[in-house]
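Accompanying notes for the structure given below.
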Ligand code: EPZ
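Here it is in structure tokens:
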């Protein structure tokens, strides 16, 4: 098993260009099949979840190939509409393909995505939206059989602003006759990036970023080139690392407005933060203080994906910080691993209380999930001594090369391949 090995206690200094956003490129890769031609995604991050999506595209008969930082997809020869279990199991969020396959072919088959490290990942909101557009969906033996002689646009009100359900509804609506109005839609910046990609491809989508999104279906599509937006959660991770270890870090290719709740918390903790045109700078002396209660919420609230890394940054702060995780049932799995490094964290259901300790000690730990693994990187940088992180495949799902990136900022970090 490979490990990431960190010798902590060093300040971070330097400049880093932020990778393309995982949670933007995954729905965009599904959206490429709406066009029977070529699309080019610039700034596409090299992630295992992206490779999993590429395997699904190729299984469906599409061509997908890297040309440096750009990924070119040709969906002109798409020949299948089924996603087999072994590909679904690789990436829980592959349900994102459902709406796009239905829009393109009028039918789709996939195994139920099932739960993941964060707890059950229900897709009831996805299925309700697709049924409202006219799809017939049968769930049998862990498989989803979907057909839609025709999809018809209409008003759809989501019972909660689910990111995935919003994306699936948009993609299916692109294949529906007439207009679809999506109410209570998710407002994440990744939805706006998806809209920008779809419009570049000739689709008519308006309103992303707000709770009401309008889609005019069955438009003539065309070849398109799109640059994937920067990853605001990867950016939050590196800011948390600099806050915890101390230092001065400038991030490039980032819209600082996309992570204003995270920078507000880091500012409360005692960091100096400055946002510029496409840049974000953080200065920290590494001696942080606790912050007011952190409640995760749909965008523009505090992002659940940044909960673990902010927690890791506050492990040595003065005082105690309360976290309330409102988005997922099981998103404190990193706590036991942080405790092995000397953290003082108590958890009761969705509430975690982090009480600052004077020092953290390097230890052998294991990534439990993507963002929990990222939290171990942050804690390892602030700890005295050596931290060895196992099960790093979780981290590689969403971070292109944390060893390269943190090394560029002066961290003593290596990848130990076994
Ligand atoms: C997306 O997941 C992201 N993943 C997640 O990032 C992120 O944490 C989440 O949005 C919230 O921002 C991608 O974009 C690939 P949701 P998604 O539907 O779409 C419940 C990461 O670390 N729900 O907004 O699955 C669901 O169980 C990942 O990068 C239903 O009950 O999130 C969860 O409790 C983790 N029924 C809540 O809603 C449904 O049909 C939010 O889920 C759908 C969701």
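Residue numbers (our numbering): -16 to 401.
Note that beta-carbon positions come from the ideal geometry of N, C-alpha and C, so glycine has one too.
(message) For residue 60, count the other beta carbons within 10 Å of its own beta carbon; 16 or more makes it buried, fewer makes it exposed. Which is it?
(response) With fewer than 16 other Cβ atoms within 10 Å, it is exposed.
(request) With a 10 Å radius around its C-beta and 16 neighbouring C-beta atoms as the bar for buried, classify residue 275 as buried or exposed. (result) Residue 275 comes out exposed.
(message) Any heavy atom of the ligand EPZ closer than 7 Å to the beta-carbon of residue 213?
(response) In this structure, residue 213 has its CB at a distance of at least 7 Å from all heavy atoms of the ligand EPZ.
(request) Give the single residue among 279, 349 and 262 whose Cα lies nearest to the Cα of residue 235. (result) Of all alpha-carbon atoms in 279, 349 and 262, the one lying nearest the alpha-carbon of residue 235 is that of 262.
(message) What does the alpha-carbon distance come out to for the pair residue 270 and residue -15?
(response) Their backbone Cα atoms lie some 32 Å apart in a straight line.
(message) For the alpha helix (DSSP H) containing residue 364, name the first residue and the last one.
(response) That run of the alpha helix (DSSP H) goes 353 to 365.
(message) Just to confirm my understanding: we take residue 229, look at its own chain, exclude 5 residues before and 5 after, and list those with CB closer than 7 Å. What are they?
(response) These residues qualify, in order along the chain: -6, 267, 268 and 269.
(request) Would you kindly work out how many angstroms separate the C-alpha atoms of residue 125 and residue 251, rounded to a whole number? (result) Between residue 125 and residue 251, the C-alpha separation is close to 47 Å.
(request) Give the single residue among 2, 372, 130 and 260 whose Cα lies nearest to the Cα of residue 65. (result) Closest option to residue 65, Cα to Cα, is 130.
(request) Could you say which of 1, 162 and -12 lies nearest to residue 238 if we only look at CA atoms? (result) When C-alpha distances from residue 238 are compared across 1, 162 and -12, the shortest belongs to 1.
(message) Could you check whether the Cβ of residue -10 sits closer than 8 Å to any Cβ belonging to chain B?
(response) Of the chains in the structure shown, none is chain B; there is only one protein chain.
(request) Evaluate residue 178 with the Cβ neighbour count: other Cβ atoms within 10 Å of its Cβ, from every protein chain shown; 16 or more gives buried, anything less gives exposed. (result) When all chains shown are included, residue 178 counts as buried.
(message) Does residue 179 come out as helix, strand or coil in the three-state DSSP assignment?
(response) Helix.
(request) Output the boundary residues of the alpha helix (DSSP H) element that contains residue 100. (result) No alpha helix (DSSP H) holds residue 100; DSSP gives it neither H nor E.
(request) Tell me, please, whether the region 189 to 198 touches the region 318 to 331 by the rule of three or more beta-carbon pairs shorter than 8 Å. (result) The region 189 to 198 is not in contact with the region 318 to 331.
(message) Give me the residue from 139, 155 and 151 with the minimum Cα distance to residue 164.
(response) Here the closest residue by C-alpha is 139.
(request) Please state whether DSSP places residue 18 in a helix, a strand or coil. (result) When secondary structure is reduced to three states using DSSP, residue 18 falls in the coil class, being assigned neither helix nor strand.
(request) Ignore the nearest five residues each way along the sequence and tell me which others in residue 35's own chain have a CB closer than 6 Å to its CB. (result) Listed in chain order, the non-local C-beta contacts of residue 35 below 6 Å within the same chain comprise 73 and 74, local neighbours out to five positions each way being set aside.
(request) Starting from the Cα of residue 175, find the closest Cα among 117, 94, 44 and 7 and give me that residue. (result) Out of 117, 94, 44 and 7, 7 has the C-alpha closest to the C-alpha of residue 175.
(request) With hydrogens ignored, establish whether the beta-carbon of residue 169 is closer than 7 Å to any heavy atom of the ligand EPZ. (result) Within the cutoff, so yes.
(message) Which residue marks the beginning of the beta strand (DSSP E) containing residue 255, and which one marks its end?
(response) Start and end: 255 to 258.
(request) Examine the ligand EPZ and report whether any of its heavy atoms sits within less than 7 Å of the Cβ of residue 216. (result) Yes, the beta carbon of residue 216 sits closer than 7 Å to at least one heavy atom of the ligand EPZ.
(request) Give the range of the alpha helix (DSSP H) segment to which residue 80 is assigned. (result) Counting along the chain, the unbroken alpha helix (DSSP H) around residue 80 starts and ends at 80 to 88.
(request) Look up residue 212 in the DSSP assignment and say whether it is helix, strand or coil. (result) Residue 212 falls in the coil class under three-state DSSP.
(request) For residue 331, count neighbouring C-beta atoms within 10 Å of its own C-beta (all shown protein chains included) and say buried if the count is 16 or more, exposed if not. (result) Around the CB of residue 331, fewer than 16 other CB atoms lie within 10 Å, so the residue is classed as exposed.
(message) Is it buried or exposed, residue 413, if we count other Cβ atoms within 10 angstroms and call 16 or more buried?
(response) With the chain represented from -16 up to 401, any question about residue 413 goes unanswered, as that position is not in the structure.
(request) Check whether the Cβ of residue 148 sits closer than 7 Å to any heavy atom of the ligand EPZ, and report yes or no. (result) Indeed, a heavy atom of the ligand EPZ lies less than 7 Å from the Cβ.
(request) Report yes if the C-beta distance between residue 336 and residue 298 is below 8 Å; otherwise report no. (result) Contact: no.
(message) For residue -8, list the residues DSSP reports as bridge partners.
(response) For residue -8, DSSP assigns no beta-bridge partner whatsoever.
(request) Report buried or exposed for residue 412, applying the criterion of at least 16 other Cβ atoms within 10 angstroms of its Cβ. (result) Nothing can be reported for residue 412: it is not among the residues displayed for the chain, which extend from -16 to 401.
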